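In our numbering, the protein residues as written are 1 to 252.
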């Protein structure tokens with residue numbers, strides 16, 4: 001049994017949570033129409049990226065959490081992963097909600113927070129420290145966020161070692177000259193080194209001086225690129241993947 005994956009390479013608007021909510025729902029409906037098993041959305045898809053000092057406003061955090069609750073109510077007959085800002089016990093996290101059956105079954109918190117160049121995530125967020133695996137349509141799926149995948153001994157390694165057949169990385173990775181090639185080389189290496197399929201989902205669009213180039217890719221356990229979203233544009237991709245190929249490769 002395979003897994004039908006929907007990758008929503010969207011262009012959220014920073015601060016406009018209601019608009020982003022409607023955008024996410026439109027893709028969830030499209031995913032349902034196509035009998036998808038799992039729909040995924042970029043890093044901080046609900047708030048837009050980077051939300052910067054909006055994250056210091058309690059009302060903004062509450063609104064984005066409330067809207068995650070509204071999205072949850074639309075998730076039936078499908079699983080979905082949506083990036084948002086989560087507050088827990090007084091700490092703020094760059095998070096992803098994993099939803100199915102109108103429930104949030106888990107929340108993953110980003111572990112590696114970039115604090116260089118254009119990034120200052122450590123100013124706002126706390127680091128997560130727990131890896132999870134999710135069984136979706138009979139397959140073990142790992143999840144991490146953007147910078148997490150850049151580290152060879154990061155969450156992807158632990159998740160693959162735990163039996164993940166597919167790893168989802170949701171991202172908001174800005175473009176610069178040479179970035180596309182170097183990023184694809186890194187994703188392919190992470191997949192082949194760990195013998196795991198990887199769905200790398202990037203954001204599209206721009207905010208202030210940042211340009212998000214999209215170029216989301218799906219890579220098999222050999223590091224081969226199976227499918228790709230458009231560059232520098234909103235796009236969506238539906239792909240029937242056989243995550244079990246990763247387990248077979250490890251066993252063989």
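Backbone N, C-alpha and C define an ideal beta-carbon position, used for all residues, glycine too.
A quick note: this is a predicted structure, and the numbers were derived from the prediction, not measured.
{"Item": "Just grab the DSSP bridge partners of residue 55 for me.", "Value": "Answer by DSSP bridge pairing: none, since residue 55 is not bridged."}
{"Item": "Count the other C-beta atoms from every protein chain shown that fall within 10 angstroms of the C-beta of residue 128, then say buried if there are 16 or more, exposed otherwise.", "Value": "buried"}
{"Item": "Can you tell which of 167, 102, 186, 232 has the C-alpha that lies nearest to the C-alpha of residue 199?", "Value": "167"}
{"Item": "Could you check if residue 70 is buried or exposed, using at least 16 other CB atoms within 10 Å of its CB as the buried criterion?", "Value": "exposed"}
{"Item": "Could you check what DSSP says for residue 27 in three-state terms: helix, strand or coil?", "Value": "helix"}
{"Item": "State the CB to CB distance for the pair residue 253 and residue 9, rounded to an integer number of angstroms; the pair is presumed to be in contact (CB under 8 Å).", "Value": "Residue coverage of the chain in this structure runs from 1 to 252, which leaves residue 253 outside it and unanswerable."}
{"Item": "Which residues in the same chain have their Cβ closer than 8 Å to the Cβ of residue 154, if we skip the five residues on either side of it in sequence?", "Value": "111, 112, 144, 148"}
{"Item": "So residue 127 is in the alpha helix (DSSP H); what residue range does that whole segment cover?", "Value": "No alpha helix (DSSP H) holds residue 127; DSSP gives it neither H nor E."}
{"Item": "Unbroken alpha helix (DSSP H) runs of length 4 or more, entirely within the segment 163 to 233: which are they?", "Value": "179 to 194"}
{"Item": "For the candidate residues 38, 184, 15, 22, whose alpha-carbon lies nearest to that of residue 3?", "Value": "38"}
{"Item": "Mapping DSSP to helix, strand and coil, what is residue 106?", "Value": "strand"}
{"Item": "Taking the alpha carbon of residue 130 as the point to measure from, which residue in 121, 150, 120, 157 has its own alpha carbon closest?", "Value": "157"}
{"Item": "Report the residue ranges of all alpha helix (DSSP H) runs contained in full by the segment 42 to 96; include only those spanning at least 4 residues, in chain order.", "Value": "58 to 72"}
{"Item": "Contact defined as beta carbons within less than 8 Å: I believe residue 80 pairs with residue 28. What is the distance between those atoms, to the nearest angstrom?", "Value": "6 Å"}
{"Item": "Looking at the strands, I want to know which residues DSSP matches up with residue 100.", "Value": "79, 103"}
{"Item": "Any chance the segment 170 to 188 sits against the segment 202 to 211, with 3 or more Cβ pairs inside 8 Å?", "Value": "yes"}
{"Item": "So what does DSSP say about residue 236, is it helix, strand or coil?", "Value": "strand"}
{"Item": "Does the Cβ-Cβ distance between residue 46 and residue 75 come in under 8 Å?", "Value": "no"}
{"Item": "Under 8 Å by Cβ, that's how I've got residue 241 and residue 5 pegged, so tell me the actual separation to the nearest angstrom.", "Value": "6 Å"}
{"Item": "Looking at the structure shown, is residue 144 part of a helix, part of a strand, or coil, going by DSSP?", "Value": "strand"}
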